[in-house]
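Number of protein chains: 4
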Amino acid sequence: MATRPKGRTIDRRNREPEILAAAIEVFHKKGYAAASLRDVADIVGVLKGSLYHYISSKEELLARICVESHKQSSMIMQESLDSADTPLDQLRTFLHKTAIWYLTNIERVHIYFNEGKWLTGDRLEEVRTQGREFHAFIRSLIDRARSEDRIRTDVDPRVAAQLIIGALNNISTWYRPDGLYSPEEIAGIYTDMTLASLANPVPGLVSA
Amino acid sequence: MATRPKGRTIDRRNREPEILAAAIEVFHKKGYAAASLRDVADIVGVLKGSLYHYISSKEELLARICVESHKQSSMIMQESLDSADTPLDQLRTFLHKTAIWYLTNIERVHIYFNEGKWLTGDRLEEVRTQGREFHAFIRSLIDRARSEDRIRTDVDPRVAAQLIIGALNNISTWYRPDGLYSPEEIAGIYTDMTLASLANPVPGLVSA
Amino acid sequence: MATRPKGRTIDRRNREPEILAAAIEVFHKKGYAAASLRDVADIVGVLKGSLYHYISSKEELLARICVESHKQSSMIMQESLDSADTPLDQLRTFLHKTAIWYLTNIERVHIYFNEGKWLTGDRLEEVRTQGREFHAFIRSLIDRARSEDRIRTDVDPRVAAQLIIGALNNISTWYRPDGLYSPEEIAGIYTDMTLASLANPVPGLVSA
Amino acid sequence: MATRPKGRTIDRRNREPEILAAAIEVFHKKGYAAASLRDVADIVGVLKGSLYHYISSKEELLARICVESHKQSSMIMQESLDSADTPLDQLRTFLHKTAIWYLTNIERVHIYFNEGKWLTGDRLEEVRTQGREFHAFIRSLIDRARSEDRIRTDVDPRVAAQLIIGALNNISTWYRPDGLYSPEEIAGIYTDMTLASLANPVPGLVSA
DNA sequence: TATGAATGAGAGTTCATTCAT
DNA sequence: TATGAATGAACTCTCATTCAT
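Protein chains in written order, with numbering that gives the first Met the number 0: chain A, 0 to 207; chain B, 0 to 207; chain C, 0 to 207; chain D, 0 to 207.
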């Protein structure tokens, strides 16, 4: 007969999510350049060659991770705009939400922020554009807050945005999920310090 | 005649500095893992095998870069302690000097901060120890400033130190020597914002 | 038609045995140190990189050859003990069987005896231990034969064992399968001469 | 003045013997194929390239070692012929002298016997011819002793010679200068056992 | 869908040898 | 005589990718 014998149930679940999860783990641990597809396949429990039923290349794997992260990031932007009326409160919300998101998805978000540079061609352009948008979003909030006299005007918003992003971006190099602080605590400190760094200077406060 | 008879003048100068410079360039541009010694050799203008007259391994090249950077970093720490009396002023000096150093040696310092993780064995231990010392230095200044009531006490110094280092650490991802701002300007902004982020909070300043 | 439509039939059989056989040939002919995996791959008809589907390193190839040879050697020891009652007869059997084994597997046994030294780490220890066991086996038979007054007592059993092994060990340097003598003939001569060299001396026989 | 200043005495002794000695050490320890000229140069205390003032190639170094050993070997042959009247006594002398020579020059003689195969072209032919002569010398003594009814006639002289040489040849794999036995003791045992192995068989001696 | 064999390019590294100085 | 820089070929090993089965 041509029908499959029922006895043997081959594992036919869709392995895409598993592969993506494994790739996230490996790309995070080793970095994209040093990661090998064999590592990914080993985690999934499949042979290297078999991955190509789900992906078309190593780079595509990276691209998918970045695309998905970008969607989440975009959602956070929108939510932040919706959450408050003033740009300063929107910024506060955005920083806090983003930090929480980062800390609770440390592997994938690290990849999004730090390994996207390995993409090529259009995908590289796309991820770069997204990075610029991310940066522009923060800068525009700073700009608007500034025009409402809520924050200091003596620092360039572009540079300020880069420094703010940088502190965030670097969290994955030191944060340990099993460490002393919860994502909420760290996100709180990050948000507080960042806003303080933008605050209107009060004469004689910490100056020399 | 006094001129050399043969047309082709082969360069017989010591190429160690050239090789180090080329390695710094390549490791910075591609990252250590993705960088190849062929890239380095191409820049120097020799075959990759010829590099081994000057180095014993690719890793050793990386180690040399890190060791030299560490020396400079240590000097800055000492200078900062000598430069002022209060921990807050010492911190200010340290942040400013370090930022200037980073911005004017962006490639090598980037490697020191971000690629040292690729070292192995004792060298890895060493670079990790150095990283902890760097962090401990900042934290201890924060601790002492705190005990003198000069800065806020509501954020954990460890986390604060990590965020401060993170912003610095990440500069290499966005700074362009041919950009709008000079190292001095950026270092100034970085120092100002960082100190502001540690300042004693003034009620009602930027809070919701 | 029943025949395969495409002209070129690619061999999809498991090539492990082929690779082992090729390695034995190459390691024997050139010595392990001078042998290259390209030689092995050429014989098998694949690219050298392809060998790594079957082996994990050149050394592992050598180790496999040695392990298999050791098994055979151990079997011969056991068979020899089982084959006779007196240590002298056991020795005779052992020498004869071992010589036959060597002569009919000249390449692999040569490698086992002479190239195992290139192994490293635990594998080197193992092959050294095996060598000591081989030596101890012969020496113990000599010891026991001596205590039964069957052989001479004026030569040290350790040195005697080394010389006996040495003559055997060296066969691969001169034996040619297509030569004048069969393995059986050579093994017979080897056994006879060796036992005679251990015989109780008869006064005036060949002495000065 | 054109004369050399006397103060600085450059080491101008002829380094040929040193280089040869170093090569012997290295070739013995690692085997010719795995030995590198850098090892040799390191021992001499000179740079790799400088060796080429004394040698024309790595192979030539090996050739010199073999040539010198061959001279010594030839001398022993002649001395042995001169030392006694009967072939059996000549053989005894030869085996003993050769064993002593081997044991007291273990490194160079090991190379002569075991590494000469790495030579190429005419030099390889030469060393092979020498090996054949060595073998032929022993075989002819056995032949002559046989025709005088001094030794057994039931083993082929060619095979016997190979086995006798083999035991000798292999000494370098186990002899340690700091071991239990002196060269004289080992040479004595070797000679005794070898002659016993050639003795006329006495019925019932060690046979089953 | 999954395998496993194979590819081809490229990695880091070693080495005998050459040669201007 | 000796140096030290450089070569070029070979080496072991890794990897993304392909494809017949």
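Don't be surprised by glycine CBs; every beta carbon is placed ideally from N, CA and C.
Given the structure is predicted, the values throughout are model-derived calculations rather than measurements.
For residue 50/C and residue 117/D, the rounded distance between their alpha carbons: 27 angstroms
Report yes or no: is there a C-beta of chain C within less than 8 angstroms of the C-beta of residue 126/D? no
8 angstroms Cβ cutoff, residue 196/D in contact with chain C: yes
For residue 6/B, the three-state DSSP class (helix, strand or coil): In this prediction, residue 6/B has a pLDDT of 38, which is less than 50 and means its spatial position is unreliable; what the coordinates show is noted afterwards. Looking at residue 6/B - three-state DSSP - the assignment turns out to be coil, as it is neither helix nor strand.
Quick test of the definition: if touching needs 3 or more C-beta pairs under 8 angstroms, does the stretch 169-180 of chain B touch the stretch 155-169 of chain A? yes
Got a sec: is the Cβ-Cβ distance from residue 148/D to anything in chain C below 8 angstroms? no
Rounded straight-line distance, which links the Cα of residue 69/A to that of residue 112/A: 10 angstroms
So that I know if they touch, is there some Cβ in chain C lying closer than 8 angstroms to that of residue 94/D? no
According to the Cβ coordinates, are residue 92/D and residue 72/D closer than 8 angstroms? no
Residues in its own chain within less than 6 angstroms of residue 126/B by CB, not counting five upstream and five downstream? 65, 115, 118
Less than 8 angstroms between the beta carbons of residue 39/C and residue 14/C, yes or no? no
How many whole angstroms separate the CB atoms of residue 19/C and residue 63/C, which I take to be in contact at a CB cut-off of 8 angstroms? 6 angstroms
Whole-number beta carbon distance between residue 151/B and residue 197/B, since they are thought to touch under 8 angstroms: 6 angstroms
Complete runs of the alpha helix (DSSP H) confined to the stretch 19-61 of chain D [at least 4 residues]: 36-43
Measuring alpha carbon to alpha carbon, tell me which residue in 142/C, 188/C, 25/C, 148/C is nearest residue 166/C. 188/C
Does DSSP classify residue 83/B as helix, strand or coil? coil
Between the alpha carbons of residue 210/C and residue 105/D, how many angstroms are there, rounded? In the structure as shown, chain C starts at 0 and stops at 207, and residue 210/C therefore has no counterpart that could be examined.
Taking C-beta to C-beta, are residue 261/A and residue 23/A nearer than 8 angstroms? Since the first and last residues shown for chain A are 0 and 207, residue 261/A lies out of range.
Are the C-beta of residue 161/C and some C-beta of chain D separated by less than 8 angstroms? yes
At 7 angstroms on the CB atoms, spell out the chain A contacts of residue 173/B, in chain order. 161
Inter-residue CB distance, residue 132/A and residue 86/A (contact presumed, cutoff 8 angstroms): With a Cβ gap of about 17 angstroms, residue 132/A and residue 86/A do not count as contacting.
Separation of residue 27/B from residue 199/B, as counted between CA atoms: 38 angstroms
How would you label residue 7/B, buried or exposed, when you count the other beta carbons within 10 angstroms and need 16 or more for buried? Annotation note: pLDDT 39 at residue 7/B (below 50); position unreliable, no value reported.
Local Cβ density within 10 Å of residue 194/B, reported as buried at 16 or more and exposed below that: buried
Would you list the residues sitting across from residue 150/A in a DSSP beta bridge? 198/A
Mind checking residue 176/D: buried by the 16 CB within 10 Å criterion, or exposed? exposed
Counted within 10 angstroms of its Cβ, other Cβ atoms place residue 156/C as buried (16 or more) or exposed: buried
Please report the distance separating the alpha-carbon of residue 47/A from that of residue 53/A. 11 angstroms
8 angstroms contact criterion, which residue 90/D and residue 141/D should meet: CB distance rounded: 7 angstroms
Chain C beta carbons: is any one of them nearer than 8 angstroms to that of residue 45/D? no
Beta-carbon proximity of residue 137/D to residue 100/D, cut-off 8 angstroms: no
So, is the C-beta of residue 180/A closer than 8 angstroms to a C-beta in chain B? yes
When you check each C-beta in the stretch 70-95 of chain B against every C-beta of chain A, which residues fall closer than 8 angstroms? 87, 88, 91
Sorted by chain position, which residues of the same chain lie with C-beta nearer than 6 angstroms to residue 182/B's C-beta, five sequence neighbours on each side aside? 99, 102, 103
At the level of alpha carbons, what is the spacing between residue 57/C and residue 25/B? 32 angstroms
Residue 170/A - containing alpha helix (DSSP H), residue span: No alpha helix (DSSP H) contains residue 170/A, which DSSP labels as neither H nor E.
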